[in-house]
Amino acid sequence: MALVNTTEMFKKAYEGGYAIGAFNVNNMEIIQGITEAAMEQKAPLILQVSAGARKYAKHNYLVKLVEAAMMETGLDIALHLDHGENFEICKSCIDGGFTSVMIDGSKHSFEDNIKITREVVEYAHARGVTVEGELGRLAGIEDDVNVSAEDSSYTDPAQVEEFVTKTGVDSLAIAIGTSHGAFKFKPGQKPQLRFDILEEVERRLPGFPIVLHGASSVMQEYVEIVNANGGKMPGAIGIPEEMLLQASKMAVCKINIDSDIRLAMTAAVRKHLVDHPDHFDPRQYLTDARNAVKEVVAHKMQYVLGCSGKL
Ligand code: G3H
Ligand code: 13P
Ligand code: ZN
């Protein structure tokens, strides 16, 4: 039982034709729900922390909660920085015990992205930490940054070999039509992913682990519970599960999921409070929230990632 980097898990995932779930964590109930599901499913696991999560819960609380979850479950876990914006935040997470970081230089020019990514790789690799880079730009909302559909761009497969060779990254996030948040497609729009881009990237980088961000399916049963209990999320649409399963059988070794967890928790809390208007002990509704996290994560591991039983 230890905090591990992603090298071994990606190698096994690539060879085994499955993906590992990278779930965003922000508090104790989320960490407990995810790790209980991973333990029961015997699944490899990445827990990831955004800048927003560090601001909300504080770095040390999150690291210590993840360590506590390892003690409770006996799992090896990769603790990963999600969307590191610059060298400083990556360094702070590496120095503070993370075993994997993402440097997201996707908003910069190709040359600047290579430069900043290379700098992080040098610092990280000297300390046994793995690094994820990104090429191409996803639409949607992360933290306070909202990338419009017009400003998003698919990954250009012609750039991937140069990027990987010059930076030395261990995995690469690509943009093939997924996006962050709960509103990924307009109502009536047919969800589509550019599998042709993924295939071309795979052809150019044989054996190299690819990452998909923005990969929540926005499970409709939870949207309905939210909407039936005072919420307003009409038109929330995500990536169809069968597309993600297809990607996980290809070169995609890491699939990022946050919105589905948020949605399941919110549905559980809303329903609990509507069903029990007299309850005011947070442990009552947070128990339902934690169970909802566990249920949604177990579902992903079995039916979307294919990583159940792969420990
Ligand atoms: O990709 C972004 C993740 O969903 C994290 O979201 O920055 O609001 O914590 P956050
Ligand atoms: P979702 O918003 O689709 O859950 O994506 C999360 C993500 O990509 C975190 O980096
Ligand atoms: Zn992301």
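Residue numbers for the sequence shown follow the numbering used here, so the first one is 6 and each next one is one higher.
Backbone N, C-alpha and C fix where the C-beta goes; we use that ideal spot for every residue, glycine too.
Between which two residues does the beta strand (DSSP E) harbouring residue i extend?
| i | result |
| --- | --- |
| Lys-259 | 257-262 |
| Thr-40 | Here Thr-40 belongs to no beta strand (DSSP E); instead the alpha helix (DSSP H) covers 33-46. |
| Gln-225 | It is not in any beta strand (DSSP E) - Gln-225 instead sits in the alpha helix (DSSP H) that spans 225-233. |
| Ile-25 | 25-29 |
| Ala-294 | Per DSSP, Ala-294 belongs to no beta strand (DSSP E); it is in the alpha helix (DSSP H), 287-305. |
| Val-309 | Counting along the chain, Val-309 falls outside any beta strand (DSSP E), and DSSP gives it neither H nor E. |
| Asp-87 | 83-89 |
| Ser-105 | 105-108 |
| Ile-318 | This structure leaves residue 318 out entirely; the chain is present only between 6 and 316. |
If we count the other Cβ atoms within 10 Å of its Cβ and call it buried at 16 or more, is residue i buried or exposed?
| i | result |
| --- | --- |
| Lys-69 | exposed |
| Ser-222 | buried |
| Gln-194 | exposed |
| Asp-263 | buried |
| Asp-286 | exposed |
| His-281 | exposed |
| Lys-63 | exposed |
| Tyr-290 | buried |
| Thr-170 | exposed |
Going straight from the alpha carbon of residue i to that of residue j, what length do you get?
| i | j | result |
| --- | --- | --- |
| Val-54 | Ile-260 | 14 angstroms |
| Gly-141 | Ser-176 | 14 angstroms |
| Thr-40 | Thr-11 | 17 angstroms |
| Gln-37 | Lys-47 | 15 angstroms |
| Glu-13 | Ala-74 | 21 angstroms |
| Ala-42 | Ala-269 | 14 angstroms |
| Leu-86 | Ser-111 | 16 angstroms |
| Ile-266 | Pro-211 | 32 angstroms |
| Gly-243 | Gln-225 | 9 angstroms |
| Tyr-308 | Leu-250 | 7 angstroms |
| Ser-153 | Glu-77 | 41 angstroms |
Could you please give the first and the last residue of the uninterrupted alpha helix (DSSP H) stretch that includes residue i?
| i | result |
| --- | --- |
| Asn-65 | 64-78 |
| Ala-252 | 246-254 |
| Gly-21 | 12-21 |
| Thr-172 | 165-172 |
Is residue i near the ligand ZN - that is, is its Cβ less than 7 angstroms away from at least one heavy atom of it?
| i | result |
| --- | --- |
| His-88 | yes |
| Asn-296 | no |
| Cys-261 | Per the sequence presented here, residue 261 reads as Asn, with Cys not at that position. Result yes, Cβ under 7 angstroms from the ligand ZN. |
| Glu-147 | yes |
| Gly-219 | yes |
So, with DSSP's three-state summary, where would you put residue i?
| i | result |
| --- | --- |
| Leu-52 | strand |
| Ile-202 | helix |
| Ile-181 | coil |
| Asp-100 | helix |
| Leu-126 | The question names Leu, yet the displayed sequence has Val at residue 126. In this structure, Val-126 counts as helix in the three-state DSSP scheme. |
| Ala-144 | strand |
Is residue i a contact residue of the ligand 13P, with contact defined as CB to any heavy atom under 7 angstroms?
| i | result |
| --- | --- |
| Ser-153 | no |
| His-185 | yes |
| Asp-265 | yes |
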